[in-house]
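Asker: Sharing a structure here in structure tokens format.
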Ligand SMILES: [Zn+2]
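Numbering (our numbering), first residue to last: 4 to 480.
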């Protein structure tokens, strides 16, 4: 990137496609940013990172200081901005840059901060080594967007790059504070950064920011184009155009990211990103798949998103927790295995891979997921149904005339939000048509509601055999 020798002051202006869109998203973005700032504080307090540096309003400092010292940490202002308060007719501190860390690290942090020792700072912030190396090896940039794209993207022309990677590591909205991790990740598939993104998501859930998390994930999945010229970056989203400062260049540099979802009320237009996303074409004709890439590849990021995970690593981790202790049962299982709310059936596919005498069945309320389940396991395409597990027609749908399900997999979360009438319908179905029921929960539910026996009891099951903290064989009470 050829750079000019000036730098514009920090600024950020957003132009929304309509007032309706602005009313919906402007506040949400502010809420996301304030949730992320809380996540930073908690990542230190929860001992996941050694230190963080956050910008706060000076009025918020006393309570931050108190919160940190209660937890055994220090909040130390490192920089401050002052303004002249016309009402009080006196200058006042407006914004603070505050370091949060253990007292014994304050001096080494200050030393590294003063000397601009980014390597040391990265270590103190507990950033992944690969990402520290990436940052240190690309000096001289105000924003790391271009070196990131150069390293990871697909060059269309000398100054035009297409990037992809995981939505959570989408780097193009970092300038406006929309990000899952605070460090500059070395690539859109950096494993350590994905782990950090997952752990930040967990903190958001623990702190009660589920809404903010889902909005954040949505925004990161939209198509976006970033371009820079003369120190001004223009970021185009399907619902807004944002102007902000960046490295000053004499030429136009452009980076685009296709994204995986479009927001409602996306503006339509002929140029990127105002166009319809090309989604995987789904068809029941098998020939369509023949000769193409594997259906798993074609499913792309939907593979884990369909199943409620933000990353492939997150899904694999959670699935493994279930598989390890379910293995003795799966090994001896013969016949029908039902996954209620099966997503795209990836879990079932893994079960079949472990034991080919298993015949998978699934249902889900999301039609697209069910279509993708059929693509993932074409042999069993007819075994996946677009249906709510509480539907009284479930038994007819599965044509349960001659044989029962040998095992039904049921995620506890689905039942916690169900009403009594729905639960009773499902209990009756399970009692009549399933020889065994395995109740499981993923980590977020476990953290929020406790181990599986507790969940089973709340729902109305009795535990027959607890397999681990998140998995048990249960029966109707
Ligand atoms: Zn990395």
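Just so it is clear, CB atoms sit at the ideal spot from N, CA and C, and this is done for glycine as well.
Please find out if some non-hydrogen atom of ligand 1 comes closer than 7 Å to the beta-carbon of residue 150.
Answerer: On the chain shown, residue 150 is found 147 positions in, with the first residue counted as 1. Because no heavy atom of ligand 1 lies under 7 Å away, the Cβ of residue 150 does not count as near it: no.
Asker: From residue 308 to residue 371, what distance separates their C-alpha atoms?
Answerer: Working through the chain shown from its first residue, we reach residue 308 at position 305. Working through the chain shown from its first residue, we reach residue 371 at position 368. Each residue's alpha carbon lies about 12 Å from the other.
Asker: At what residues does the alpha helix (DSSP H) containing residue 464 begin and finish?
Answerer: One-based indexing of the chain shown puts residue 464 at position 461. Note, residue 464: premise wrong, no alpha helix (DSSP H); beta strand (DSSP E) at 464-471.
Asker: Quick one: using the 10 Å Cβ neighbour count with 16 as the cut-off for buried, is residue 297 buried or exposed?
Answerer: In the chain shown, residue 297 corresponds to position 294, counting from 1. Confidence in residue 297 is poor, its pLDDT being 46 and thus under 50, which makes the residue's placement too unreliable to answer from.
Asker: Could you check the C-alpha separation between residue 357 and residue 375 for me, to the nearest Å?
Answerer: Within the chain shown, the letter at position 354 stands for residue 357. Within the chain shown, the letter at position 372 stands for residue 375. Using only the alpha carbons, I get a separation of about 21 Å.
Asker: For residue 248, does the three-state DSSP call read helix, strand or coil?
Answerer: Here residue 248 is taken as the residue at index 245 of the chain shown, counted from 1. It is a strand residue.
Asker: Return the CA-CA distance between residue 47 and residue 157, expressed in angstroms with no decimal places.
Answerer: Position 44 of the chain shown, counted from the first residue, corresponds to residue 47. Position 154 of the chain shown, counted from the first residue, corresponds to residue 157. Rounded to whole angstroms, residue 47 to residue 157 spans 36 Å at the Cα level.
Asker: May I ask whether a heavy atom of ligand 1 can be found less than 7 Å away from the beta carbon of residue 196?
Answerer: Position 193 of the chain shown, counted from the start, is the residue given in the question as residue 196. Within the cutoff, so yes.
Asker: Quick check on DSSP: helix, strand or coil for residue 439?
Answerer: Residue mapping note: residue 439 aligns to position 436 of the chain shown, counting from 1. Coil.
Asker: Assign residue 485 to one of three DSSP states: helix, strand, or coil.
Answerer: This structure does not reach residue 485, given that the chain is present from 4 up to 480, and the question cannot be answered.
Asker: Between residue 103 and residue 61, how many whole angstroms is the CB-CB distance? I'm expecting something under 8 Å.
Answerer: In the chain shown, residue 103 corresponds to position 100, counting from 1. In the chain shown, residue 61 corresponds to position 58, counting from 1. Not really, about 16 Å apart at Cβ, beyond 8 Å.
Asker: Consider the C-beta atom of residue 331 and the heavy atoms of ligand 1; say whether any pair is separated by less than 7 Å.
Answerer: Within the chain shown, the letter at position 328 stands for residue 331. Because no heavy atom of ligand 1 lies under 7 Å away, the Cβ of residue 331 does not count as near it: no.
Asker: Regarding residue 131 and ligand 1, is the C-beta to nearest heavy atom distance less than 7 Å?
Answerer: Reading the chain shown from its first residue, position 128 is the one you call residue 131. Yes, Cβ of residue 131 sits closer than 7 Å to a heavy atom of ligand 1.
Asker: Helix, strand or coil: how does DSSP classify residue 331 here?
Answerer: Residue numbering aside, residue 331 sits at position 328 when the chain shown is read from its first letter. Residue 331 falls in the helix class under three-state DSSP.
Asker: By Cβ distance, which residues of its chain are closer than 8 Å to residue 1, with the 5 residues on each side in sequence left out?
Answerer: The question about residue 1 has no answer, for the chain in this structure spans 4 to 480.
Asker: Between residue 15 and ligand 1, is there a pair consisting of the residue's CB and a ligand heavy atom that are separated by less than 7 Å?
Answerer: Within the chain shown, the letter at position 12 stands for residue 15. No, the Cβ of residue 15 stays beyond 7 Å of every heavy atom of ligand 1.
Asker: Just tell me which of 378, 368, 384, 386 has its CA closest to the CA of residue 393.
Answerer: For the purposes of this step, residue 393 is taken as the residue at position 390 of the chain shown. Out of 378, 368, 384, 386, 368 has the C-alpha closest to the C-alpha of residue 393.
Asker: Does the Cβ of residue 189 lie closer than 7 Å to at least one heavy atom of ligand 1?
Answerer: In the chain shown, residue 189 corresponds to position 186, counting from 1. Yes, since a heavy atom of ligand 1 falls inside the 7 Å radius drawn around the Cβ of residue 189.
Asker: Who are the Cβ neighbours of residue 13 in its own chain at under 7 Å, not counting the five residues just before and after it?
Answerer: Numbered from its first residue, the chain shown carries residue 13 at position 10. Correct list, in chain order: 248.
Asker: Taking residue 64 as the reference, which of 475, 44, 51, 54 has the closest Cα?
Answerer: Stepping through the chain shown from its first residue, residue 64 is reached at position 61. Residue 44 is the option with its Cα nearest to residue 64.
Asker: May I ask you to report which of helix, strand or coil DSSP gives residue 259?
Answerer: Residue 259 sits at position 256 when you count from the first residue of the chain shown. Looking at residue 259 - three-state DSSP - the assignment turns out to be strand.
Asker: Figure out for me which residue from 478, 454, 453, 354 has the closest Cα to the Cα of residue 465.
Answerer: Numbered from 1 along the chain shown, position 462 holds the residue referred to as residue 465. It is 478 whose Cα lies nearest to the Cα of residue 465.
Asker: Tell whether a beta-carbon distance below 8 Å holds between residue 146 and residue 127.
Answerer: Looking up residue 146 in the chain shown gives position 143. Looking up residue 127 in the chain shown gives position 124. No, they are not a contact pair.
Asker: Ligand 1 heavy atoms versus the CB of residue 134: any closer than 7 Å?
Answerer: Position 131 of the chain shown, counting from 1, holds the residue named residue 134. Yes; taking the cut-off as 7 Å, the Cβ of residue 134 has a heavy atom of ligand 1 nearer than that.
Asker: Please confirm whether any heavy atom of ligand 1 lies closer than 7 Å to the CB of residue 193.
Answerer: Stepping through the chain shown from its first residue, residue 193 is reached at position 190. Yes, the beta carbon of residue 193 sits closer than 7 Å to at least one heavy atom of ligand 1.
Asker: Can you say whether residue 396 is buried or exposed, counting buried as having 16 or more other CB atoms within 10 angstroms of its CB?
Answerer: Counting from one through the chain shown, the residue named residue 396 turns up at place 393. Label assigned to residue 396: exposed.
Asker: Taking residue 349 as part of the alpha helix (DSSP H), name the residues at either end of that continuous run.
Answerer: What you label residue 349 is simply residue 346 of the chain shown in a count that begins at 1. That run of the alpha helix (DSSP H) goes 349-357.
Asker: Got a sec? Which residues, its chain only, sit under 6 Å from residue 106 by beta carbon, not counting five neighbours each side?
Answerer: Translated into the one-based positions of the chain shown, residue 106 becomes position 103. 77, listed in sequence order.
Asker: Would you mind sorting residue 400 into buried or exposed? The rule is 16 or more other CB atoms within 10 Å of its CB.
Answerer: Residue mapping note: residue 400 aligns to position 397 of the chain shown, counting from 1. Flag for residue 400 reads exposed.
Asker: Shortest alpha-carbon distance to residue 391 belongs to which of 418, 382, 195?
Answerer: Numbered from 1 along the chain shown, position 388 holds the residue referred to as residue 391. Out of 418, 382, 195, 418 has the C-alpha closest to the C-alpha of residue 391.
Asker: Name the two residues that bound the continuous alpha helix (DSSP H) containing residue 116.
Answerer: What you label residue 116 is simply residue 113 of the chain shown in a count that begins at 1. From DSSP, the alpha helix (DSSP H) with residue 116 extends over 109-117.
Asker: Rounded C-beta distance between residue 3 and residue 322? I'm assuming under 8 Å.
Answerer: A query on residue 3 cannot be resolved here, the shown segment of the chain reaching from 4 to 480 and no further.
Asker: Please state if the CB of residue 474 and the CB of residue 255 are separated by a distance shorter than 8 Å.
Answerer: For the purposes of this step, residue 255 is identified with residue 252 of the chain shown, where counting begins at 1. For the purposes of this step, residue 474 is identified with residue 471 of the chain shown, where counting begins at 1. No, these two residues do not count as a Cβ contact at 8 Å.
Asker: When DSSP labels each residue in this structure, what does residue 166 get in the three-state scheme?
Answerer: As a first step, residue 166 is located in the chain shown; it is residue number 163 there, counting from the start. Three-state result, residue 166: strand.
Asker: Enumerate in chain order the residues of its own chain whose CB-to-CB distance from residue 481 is below 8 Å, with the five nearest sequence positions on each side excluded.
Answerer: For the chain, the structure presents residues 4 to 480; residue 481 sits outside this window and is missing.
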